[in-house]
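**Q** Heads up, the sequence shown is in UniProt numbering, so the first residue is 1 and it goes up one at a time.
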Amino acid sequence: MPPALRHLLTSLHRWAGLTLGLLFVLMGLSGTLLVFEHDLDAALNPALFREAAACTGTPQAALAAAAVQARWPGARPGFVALPERAGGVYRVTFKAPGVTDNEAMVDQCGAVLGSRNRQAGRFDALHLMPTLQTWHLNMFQGKEGRMAQGYIGLAVALLMLAGLALAWPKSGKGIQKWRRALHVNLNQHRYRTHYDLHRAAGLLFLPLLLVLALTGFYNGLPELGRSLAANVAPVATDRRALALPALEKGEAAIGWNDVQAIAVPYMTNGVELVAIARQPERGLYQARLRRADDWQRTGTYRLFIDMRTGKVLQIFNPRAGEYADTFLATLFPLHSGQLGGPVVKWLIAFAGLLPALFFFTGITTWLLRRKKRKA
Numbered sequence: 001m002p003p004a005l006r007h008l009l010t011s012l013h014r015w016a017g018l019t020l021g022l023l024f025v026l027m028g029l030s031g032t033l034l035v036f037e038h039d040l041d042a043a044l045n046p047a048l049f050r051e052a053a054a055c056t057g058t059p060q061a062a063l064a065a066a067a068v069q070a071r072w073p074g075a076r077p078g079f080v081a082l083p084e085r086a087g088g089v090y091r092v093t094f095k096a097p098g099v100t101d102n103e104a105m106v107d108q109c110g111a112v113l114g115s116r117n118r119q120a121g122r123f124d125a126l127h128l129m130p131t132l133q134t135w136h137l138n139m140f141q142g143k144e145g146r147m148a149q150g151y152i153g154l155a156v157a158l159l160m161l162a163g164l165a166l167a168w169p170k171s172g173k174g175i176q177k178w179r180r181a182l183h184v185n186l187n188q189h190r191y192r193t194h195y196d197l198h199r200a201a202g203l204l205f206l207p208l209l210l211v212l213a214l215t216g217f218y219n220g221l222p223e224l225g226r227s228l229a230a231n232v233a234p235v236a237t238d239r240r241a242l243a244l245p246a247l248e249k250g251e252a253a254i255g256w257n258d259v260q261a262i263a264v265p266y267m268t269n270g271v272e273l274v275a276i277a278r279q280p281e282r283g284l285y286q287a288r289l290r291r292a293d294d295w296q297r298t299g300t301y302r303l304f305i306d307m308r309t310g311k312v313l314q315i316f317n318p319r320a321g322e323y324a325d326t327f328l329a330t331l332f333p334l335h336s337g338q339l340g341g342p343v344v345k346w347l348i349a350f351a352g353l354l355p356a357l358f359f360f361t362g363i364t365t366w367l368l369r370r371k372k373r374k375a
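1. Given 8 Å as the limit, is there contact between the stretch 144-159 and the stretch 210-224, that is, 3 or more CB pairs closer than that?
2. Just to confirm before moving on: does the CB-CB distance between Asp-306 and Leu-244 stay below 9 Å?
3. Do Val-274 and Thr-298 come within 9 Å of each other at the CB atom, strictly closer than that value?
4. What number of angstroms, rounded off, separates the C-alpha of His-335 from the C-alpha of Asp-101?
5. So who's on the other strand from residue 380, going by DSSP bridges?
6. Under the DSSP definition of a beta bridge, which residues are partnered with Ile-175?
7. Identify which residue in Gln-119, Asp-124, Leu-126, Ala-324 has its Cα closest to the Cα of Gly-142.
8. Give the DSSP-derived three-state secondary structure of Met-147 in the structure shown.
9. On the three-state DSSP scale, how would you describe Ala-86?
10. Could you tell me whether the stretch 344-361 touches the stretch 20-34, using the rule of 3 or more Cβ pairs below 8 Å?
11. Alpha carbons only, please: which of Ala-86, Glu-84, Arg-85, Tyr-90 is nearest the one belonging to residue 390?
12. Does DSSP put Val-106 in a helix, in a strand, or in coil?
13. When DSSP labels each residue in this structure, what does Leu-159 get in the three-state scheme?
14. Here's the rule: buried if 16 or more other CB atoms are within 10 angstroms of the residue's CB, otherwise exposed. What is residue 378?
15. Pop quiz: His-194 and Thr-364 are said to be a contact at Cβ under 8 Å. What is the actual Cβ separation, rounded to whole angstroms?
16. Considering only DSSP beta bridges, list what Ala-277 is partnered with.
17. Does Gly-364 come out as helix, strand or coil in the three-state DSSP assignment?
18. So, do the stretch 92-100 and the stretch 65-80 have three or more beta carbon pairs nearer to each other than 8 Å?
19. Roughly how far, in whole angstroms, is the beta-carbon of Ile-254 from the beta-carbon of Gly-310, given that I think they are within contact range, below 8 Å?
20. Let's test the definition: count the other Cβ atoms within 10 Å of the Cβ of Val-126 and tell me whether it reaches 16, buried, or not, exposed.
21. Spatial neighbours of Arg-192 within its chain, please: C-beta separation below 8 Å, excluding the five flanking residues on both sides.
22. What is the DSSP secondary structure of Val-232, reduced to helix, strand or coil?
23. Taking 8 Å as the threshold, find out whether the stretch 57-70 comes into contact with the stretch 102-113 through three or more Cβ pairs.
24. From Ala-162 to Tyr-301, what distance separates their C-alpha atoms?
25. Grab me the residues of Leu-40's own chain with a C-beta within less than 7 Å of its C-beta, minus the 5 sequence neighbours each way, in chain order.
26. Short of 6 Å in beta carbon distance, which residues of its chain neighbour Met-139, apart from the five on each side in sequence? Order them along the chain.
27. Just to confirm my understanding: we take Leu-9, look at its own chain, exclude 5 residues before and 5 after, and list those with CB closer than 6 Å. What are they?
28. In whole angstroms, give me the CA-to-CA distance for Trp-178 and Pro-169.
29. Span of the alpha helix (DSSP H) holding Leu-23?
30. Considering only the alpha carbon of each residue, which of Gly-250, Tyr-285, Glu-281 lies closest to Ala-261?
31. Looking at C-alpha atoms only, which residue of Leu-339, Lys-372, Leu-347, Gly-21 is the closest neighbour of Ala-157?
32. Could you have a look at Glu-223 and say whether DSSP puts it in helix, strand or coil?
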């Protein structure tokens, strides 16, 4: 590598690491916890997720929506996640006049177990997991924050590629040069030990971290990601673009149970309904279904239904679509540790801890090197 290029990459890697490093650490640590989001949330809030074994049967989204409207008159439920197992709870997101809470848990008997504001930004047990999710998603900055997260993911990927170019073994043959590059000698100057650890860990775990950075880029900037993918292979029309005229106040529309009935013919071969979203501003219901072999907890199979007529306007099933659609549909489940079973889940959780190692060894290497030069 020419000396001028090495100097440029070194400066880029150092200063990008020092400026973005702490942010990357916080993203990684929050991501590790979010891999286990539902389990941790239930453990922290047992009363909120208390199961009602006495009430079973076919879950009904209308039951949960009605319970929320009875508790908060004037409430407008917008999303109902169905219980994941017999006796489980419904998750309902809603808006209600004069109420700051926007998520309620309802048991299968129709009793409201509790509620919270997912955007409260608090770190008590009730709000911890929603707060971490909001931070990880958009840094509490809404759409602009989510876009920034996408660009940060791209910047981190470039930072790691610069590190790879700098750490690539320059001499030796075959396995010997890689053995030296991955070796960490603890019995040497601290600067060299920290440098070796930073370099070896970077070479060893670079593929895993690149996956997180690049999937994070797509999650933050899905429109840009789709347009880039469209340059390589056909991509279906973005389902977020589908919209009908907004439902007017008092205008007749089908109900939650109607949507469940419409979804029944699609629930074959292990497919199950997991959630319904009500979107009057788009004139639509969205039914979310999960295949038996699905990659995502909330399912990747979608039905878009006209609120006025009950007509299924569009079906999104990445397994039956273009190759690019299938690929893009795997990115969020991969980023969140849902794709690939327990092994991938734990790998993603482990990867979230690595930025802390790189930030620490990067700073100590820089400081120890400066100290060594002054000595």
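Idealized CB from N, CA, C, for every residue including glycine.
**A** In short:
1. Enough Cβ pairs lie closer than 8 Å, so yes.
2. Against a cut-off of 9 Å, the Cβ pair of Leu-244 and Asp-306 comes out as a contact.
3. Against a cut-off of 9 Å, the Cβ pair of Val-274 and Thr-298 comes out as a contact.
4. The C-alpha of His-335 lies about 29 Å from the C-alpha of Asp-101.
5. No answer is possible for residue 380: it lies beyond the span of the chain, which begins at 1 and ends at 375.
6. Ile-175 pairs with nothing; no bridge assigned.
7. Closest option to Gly-142, Cα to Cα, is Gln-119.
8. Judged by DSSP in its simplified three-state form, Met-147 adopts helix.
9. In this structure, Ala-86 counts as coil in the three-state DSSP scheme.
10. For the pair of segments examined, the stretch 344-361 was found to touch the stretch 20-34: the number of CB pairs separated by less than 8 Å reaches three.
11. Only positions 1 to 375 of the chain appear in the structure, and residue 390 is not among them; the question remains open.
12. In the structure shown, Val-106 sits in a strand (DSSP, three-state: E or B).
13. Residue state for Leu-159 is assigned as helix, using DSSP reduced to three classes.
14. Only positions 1 to 375 of the chain appear in the structure, and residue 378 is not among them; the question remains open.
15. The Cβ separation is near 5 Å, so the contact holds.
16. According to DSSP, which records beta bridges pairwise, Ala-277 is partnered with Phe-79, Gln-286.
17. In the sequence under discussion, the amino acid at residue 364 is Thr, which differs from the Gly named in the question. Note: Thr-364 maps to helix in three-state DSSP.
18. Taking a cut-off of 8 Å on C-beta distances, the stretch 92-100 touches the stretch 65-80, as three or more cross pairs fall below it.
19. Approximately 5 Å separates the beta-carbon atoms of Ile-254 and Gly-310; this is inside 8 Å, confirming the contact.
20. The question names Val, but residue 126 is Leu in the sequence shown. With a threshold of 16 other beta carbon atoms within 10 Å, Leu-126 meets it and is buried.
21. Within the same chain, Asn-185 come within 8 Å of Arg-192 by CB-CB distance, once the 5 residues on both sides are set aside.
22. Correct three-state label for Val-232: coil.
23. Yes, the stretch 57-70 is in contact with the stretch 102-113.
24. If I take the Cα positions, the gap works out to 38 Å.
25. Taken in chain order, the residues that qualify are Leu-33, Met-129.
26. Correct list, in chain order: Gly-145.
27. Here the set comprises Ala-162, Ala-165, Leu-166.
28. Answer to the nearest angstrom: the Cα atoms are 7 Å apart.
29. Annotation for Leu-23: the continuous alpha helix (DSSP H) segment containing it runs 3-35.
30. Closest option to Ala-261, Cα to Cα, is Tyr-285.
31. Across the set Leu-339, Lys-372, Leu-347, Gly-21, the C-alpha of Gly-21 shows the shortest separation from the C-alpha of Ala-157.
32. Glu-223 carries a helical assignment under DSSP once its states are collapsed to helix, strand and coil.
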